[in-house]
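Down below is the structure, laid out as structure tokens.
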Amino acid sequence: MYFQSGLVIGAASDPSQNSVITWVEKDDIGYTTNEPLENDPELYAISALDKQYSNSYWSRIVGQKIRMVNIIKRDPQNALLAELPNVVGVEIVMDNGEKFILSHGLHNNSDDFSVITDLYIDRRLLESLRRENML
Numbered sequence: 002m003y004f005q006s007g008l009v010i011g012a013a014s015d016p017s018q019n020s021v022i023t024w025v026e027k028d029d030i031g032y033t034t035n036e037p038l039e040n041d042p043e044l045y046a047i048s049a050l051d052k053q054y055s056n057s058y059w060s061r062i063v064g065q066k067i068r069m070v071n072i073i074k075r076d077p078q079n080a081l082l083a084e085l086p087n088v089v090g091v092e093i094v095m096d097n098g099e100k101f102i103l104s105h106g107l108h109n110n111s112d113d114f115s116v117i118t119d120l121y122i123d124r125r126l127l128e129s130l131r132r133e134n135m136l
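Numbering-wise (my numbering), the sequence shown opens with residue 2 and increments by one.
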């Protein structure tokens with residue numbers, strides 16, 4: 002995620018933590034991590050304004066301010082997962098009410114990373130999820 006200040010935040014799934022993780026790729030004074038995601042040849046950045054690979058929902062987020070950040074935790078499904086953070090989503094709510102989720106498998110009950118809206122959460126998971134306000 003790119004911000005007007007120059008801040009760039011990276012996100013991915015971390016199966017060893019059963020969680021989505023975030024980090025600073027570039028701070029607002031120009032410091033960049035050693036291996037920024039934008040330099041990864043296996044990843045392709047998609048602009049929210051891209052007419053082929055995006056849609057109007059994502060373009061409504063561009064230029065908005067973040068109003069709220071919620072952490073989505075999943076109840077552990079076994080004893081091994083009970084020892085992990087289980088932060089399966091970071092929900093970002095914008096000033097205009099639009100929101101999206103940085104997701105660890107919420108779309109298909111896997112450990113894959115995706116950026117989704119509530120509509121794409123696997124309905125079988127809903128009862129095991131809880132939101133906690135962080136900002």
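Every residue, glycine too, gets a C-beta built ideally from N, C-alpha and C. The structure displayed is predicted, hence computed values, not measured ones.
DSSP, reduced to helix, strand and coil, places N40 within a helical segment of the structure shown. In the three-state reduction of the DSSP assignment, L85 falls in the coil class. For S57, the enclosing alpha helix (DSSP H) covers residues S57 to S60.
Contact holds between the region 91-99 and the region 53-64, because three or more Cβ pairs, one in each stretch, are under 8 angstroms apart.
Ranking E39, S57, G106 and T33 by CA distance to the CA of S14 puts G106 first. G90 and V21 have their C-alpha atoms spaced approximately 6 angstroms apart. Judged by DSSP secondary structure, A13 falls within the beta strand (DSSP E) whose first and last residues are V9 to D15.
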